[in-house]
Amino acid sequence: MRSVALGDEELLRRLAEGDERALRDLFAAYGPYARALALRVVGSPTLADEVVQEAFLSIWQHARNYRRERGSVRAWLFATVHNRAVDCVRREEAYHRRAQDEETVVVLDAEDVAESVAELQELADRRREIREALQRLPAEQRAVLELMYFEGKTQAAIAAETGIPLGTVKSRTLLGMRRLRKDLEIEP
Amino acid sequence: MNDAPAHEHIEELLAAEAVGGLDDEGRRELARALDGHPADCPDCARLRSAYGEVAASLALSLDPVPAREGAEDELRRRAQRTRGGARAIPGGGATPRRARPSGERGRGFGAAVAAVAAAMVLLAGLVGYLLHGAPGPETAISDFFAHAGAQSAQMHSGATTMTVYYRPGQTSAFAVGSGFADPPSGHVYELWYRPAGSTAMAPAGTFVPRDGSVVSPVRVGTDIDLLAVSVEPGFETTPTGPVVLSGPVPPPT
Numbered sequence: 003m004r005s006v007a008l009g010d011e012e013l014l015r016r017l018a019e020g021d022e023r024a025l026r027d028l029f030a031a032y033g034p035y036a037r038a039l040a041l042r043v044v045g046s047p048t049l050a051d052e053v054v055q056e057a058f059l060s061i062w063q064h065a066r067n068y069r070r071e072r073g074s075v076r077a078w079l080f081a082t083v084h085n086r087a088v089d090c091v092r093r094e095e096a097y098h099r100r101a102q103d104e105e106t107v108v109v110l111d112a113e114d115v116a117e118s119v120a121e122l123q124e125l126a127d128r129r130r131e132i133r134e135a136l137q138r139l140p141a142e143q144r145a146v147l148e149l150m151y152f153e154g155k156t157q158a159a160i161a162a163e164t165g166i167p168l169g170t171v172k173s174r175t176l177l178g179m180r181r182l183r184k185d186l187e188i189e190p
Numbered sequence: 007m008n009d010a011p012a013h014e015h016i017e018e019l020l021a022a023e024a025v026g027g028l029d030d031e032g033r034r035e036l037a038r039a040l041d042g043h044p045a046d047c048p049d050c051a052r053l054r055s056a057y058g059e060v061a062a063s064l065a066l067s068l069d070p071v072p073a074r075e076g077a078e079d080e081l082r083r084r085a086q087r088t089r090g091g092a093r094a095i096p097g098g099g100a101t102p103r104r105a106r107p108s109g110e111r112g113r114g115f116g117a118a119v120a121a122v123a124a125a126m127v128l129l130a131g132l133v134g135y136l137l138h139g140a141p142g143p144e145t146a147i148s149d150f151f152a153h154a155g156a157q158s159a160q161m162h163s164g165a166t167t168m169t170v171y172y173r174p175g176q177t178s179a180f181a182v183g184s185g186f187a188d189p190p191s192g193h194v195y196e197l198w199y200r201p202a203g204s205t206a207m208a209p210a211g212t213f214v215p216r217d218g219s220v221v222s223p224v225r226v227g228t229d230i231d232l233l234a235v236s237v238e239p240g241f242e243t244t245p246t247g248p249v250v251l252s253g254p255v256p257p258p259t
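Order-wise, the sequence lines are chains A and B.
If you're matching positions, the first sequence starts at 3 in my numbering and goes up one per residue.
If you're matching positions, the second sequence starts at 7 in my numbering and goes up one per residue.
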């Protein structure tokens, strides 16, 4: 099994040189996660697929700009997907399309996924750790993080919609993120 | 001076930024906080990186969803076009032409010329694909027209024409165009459609013409009443740049 982190940096180096096989390899490794994230945020398969395509194209075009000290390749890729997905969902049209496509949203159970995605064991193990860490978070902290990351809501929007004071939303965000950072052993 | 309070505040903002929790005011607040801080502060850099990793972990917590069929091929084609297009575009680029108001749009003979031109470009595009040894697109196009109910809608302005071939009730479509100027450097053309009954345009796909022509798979709504093409800095979800073509979608025949 290849080391994901080191392998990713090698892929980025090849991408920067215009190696299309590297793009294919990156897409094979992270495309299913990127699609899951985009689908979760925008709710529309059509828009999610466009978000994923555009995110990978952006990485392809800007691979030379990657700097290891700013974070891992994976973090850069998912941030690109997430930013584009959130941009989408915050526009009125995305909401319109979400309703239009609601009936066609692909819902896969874990068994389907296990059969259809050739997932690197390292990533599968990491997912289990992350889920356990999320479950250990106090429910109110987890809820705030999920509303922001998966629903594309800002702290101000969460406060307005839930009636929770903005200061409380901010403190739950920080406490939740700190706890995840610690539990997942991500060093600052 | 004790820097801890400043870092505590910056950390709070960086953590929120990583998961998309900041609105415009929050982003300005973060910029102000960082402005009053050493630009190369290693602690801030480490915090931003660490919270980026935490956010990526949230993405990784989801069950992966297999890519849709053909997505990898589409990405490869678009990557080739992106690199190829970037090389082909001269530094200054050309100023895109604005579409004439719909009342000035040609009818009759003009539309017939556009249809013939579109068909010629389609043929040229198929030959081009064959020459490039990619068996997928021409198969997809022939499959597309093999189904009953294929419709087309045309837009034109001066020498610039685009015909969108679609099937009502389906989202797969093809755009065939000619007479396009190179987009300005770093820009692309984007095709838009308006779902029937809506007031907003939705994105159908981006393209960069080769020698003024384009044959490209696009995605449209299942029931559409208007098409347009604009110049954009990249994929956008609502039109932001100048519109170069627009036209109504005729009722299904």
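Ideal Cβ placement from N, Cα and C applies to all residues, glycine included.
No experiment lies behind these values; they were computed from the predicted model shown.
Worksheet item: Just the Cα atoms here: how many angstroms apart are B/Gly155 and B/Pro256?
Response: When only Cα atoms are considered, B/Gly155 and B/Pro256 end up about 13 Å apart.
Discussion item. Any beta carbon of chain B sitting closer than 7 Å to that of A/Gln55?
Written reply: Closer than 7 Å to the CB of A/Gln55 there is at least one CB belonging to chain B.
Discussion item. I need the boundaries of the alpha helix (DSSP H) containing B/Gly32, first residue and last residue.
Written reply: 30 to 41
Worksheet item: Buried or exposed: which applies to A/Glu105, given that a residue is buried once 16 or more other Cβ atoms fall within 10 Å of its Cβ?
Response: Caution is warranted here: a pLDDT of 44 is assigned to A/Glu105, below 50, making its placement in the model unreliable, and the coordinate value is therefore given only provisionally. That one is exposed.
Practice prompt. Figure out for me which residue from B/Ser63, B/Gln160, B/Ala12, B/Gly164 has the closest Cα to the Cα of B/Asp41.
Written response: B/Ala12
Fill in: Buried versus exposed, by CB contacts within 10 Å (16 or more), B/Ser191
exposed
Practice prompt. Decide if B/Gly76 is buried, meaning its Cβ has at least 16 other Cβ atoms within 10 Å, or exposed.
Written response: Counting the other Cβ atoms within 10 Å of the Cβ of B/Gly76 gives fewer than 16, which makes it exposed.
Worksheet item: Taking a cut of 9 Å between CB atoms, which residues from the region 150 to 163 of chain A lie near chain B?
Response: Met150, Tyr151, Phe152, Gly154, Lys155, Thr156, Gln157, Ala158, Ala159, Ile160
Discussion item. I'd like to check one pair, B/Ala210 with B/Arg200: are the Cβ atoms closer than 7 Å?
Written reply: no
Worksheet item: What distance in whole Å lies between the Cβ atoms of B/Tyr171 and B/Ser163, which are believed to be in contact at a cut-off of 8 Å?
Response: That pair is no contact at about 19 Å.
Worksheet item: Using Cβ-Cβ distances below 8 Å, what residues of the region 38 to 49 of chain A are close to chain B?
Response: Contact annotation: in the region 38 to 49 of chain A, residues whose CB is within less than 8 Å of a CB in chain B are Ala38, Leu39, Leu41, Arg42, Pro47, Thr48, Leu49.
Fill in: Beta-carbon proximity list for A/Lys271, same chain, < 7 Å, skipping 5 on both sides
Limits of chain A in this structure are 3 at one end and 190 at the other, which puts residue 271 of chain A out of reach.
Discussion item. If we define contact as Cβ-Cβ less than 7 Å, is B/Asp188 a contact residue for chain A?
Written reply: Output row for B/Asp188: interface = no.
Practice prompt. Tell whether a beta-carbon distance below 7 Å holds between B/Ser67 and A/Arg133.
Written response: yes
Discussion item. Considering just the uninterrupted stretch of the beta strand (DSSP E) at B/Met161, what are its terminal residues?
Written reply: Per DSSP, B/Met161 belongs to the beta strand (DSSP E) from 157 to 163.
Fill in: Reference A/Gly178, options A/Ala159, A/Thr164, A/Tyr151, closest by Cα
Comparing alpha carbon positions, the residue from A/Ala159, A/Thr164, A/Tyr151 closest to A/Gly178 is A/Tyr151.
Fill in: Contact belief for B/Leu235 with B/Leu197 at Cβ below 8 Å, rounded distance in angstroms
Position check: residue 235 of chain B holds Val in this sequence, whereas Leu was assumed. Right, the Cβ-Cβ distance comes to about 5 Å (below 8 Å), so this counts as a contact.
Discussion item. Please report the distance separating the alpha-carbon of A/Ala36 from that of A/Val83.
Written reply: 6 Å
Practice prompt. With DSSP collapsed to three states, give me the class of B/Ile230.
Written response: strand
Worksheet item: Using a Cβ-Cβ cut-off of 6 Å (strictly less than) and excluding sequence neighbours within five positions of A/Leu39, which residues of its own chain qualify?
Response: Answer for A/Leu39: Val83, listed in chain order.
Item to complete: Could you name the residues of chain B that A/Leu125 contacts, counting a contact when the two beta carbons are closer than 9 Å?
Response: Under the 9 Å cutoff, chain B gives Leu66, Pro70.
Worksheet item: Can you name the residues of chain B whose CB is closer than 8 Å to the CB of A/His84?
Response: Gly26, Ala61, Ala65
Worksheet item: Can we say the region 71 to 85 of chain A touches the region 48 to 64 of chain B, given the rule of at least three CB pairs closer than 8 Å?
Response: In short, these stretches touch, since the Cβ pair count reaches three.
Worksheet entry | Nonlocal neighbours in the same chain, by C-beta distance under 8 Å from A/Leu139, ignoring five residues either side | Correct list, in chain order: Leu147, Gly178, Arg181, Leu182.
Practice prompt. For B/Gly32, I'd like the list of residues in its chain whose CB is within less than 7 Å of its CB, leaving aside the five on either flank, ordered along the chain.
Written response: The beta carbon of B/Gly32 is closer than 7 Å to those of Leu19, Ala22 in its chain, skipping five residues each way along the sequence.
Fill in: B/Arg113, DSSP secondary structure in three states
In this prediction, B/Arg113 scores a pLDDT of 37, lower than 50, which makes its location untrustworthy; the coordinate-derived value is nonetheless stated afterwards. Note: B/Arg113 maps to coil in three-state DSSP.
Discussion item. Quick check on the burial criterion: 16 or more other C-beta atoms within 10 angstroms. Buried or exposed for A/Glu187?
Written reply: exposed
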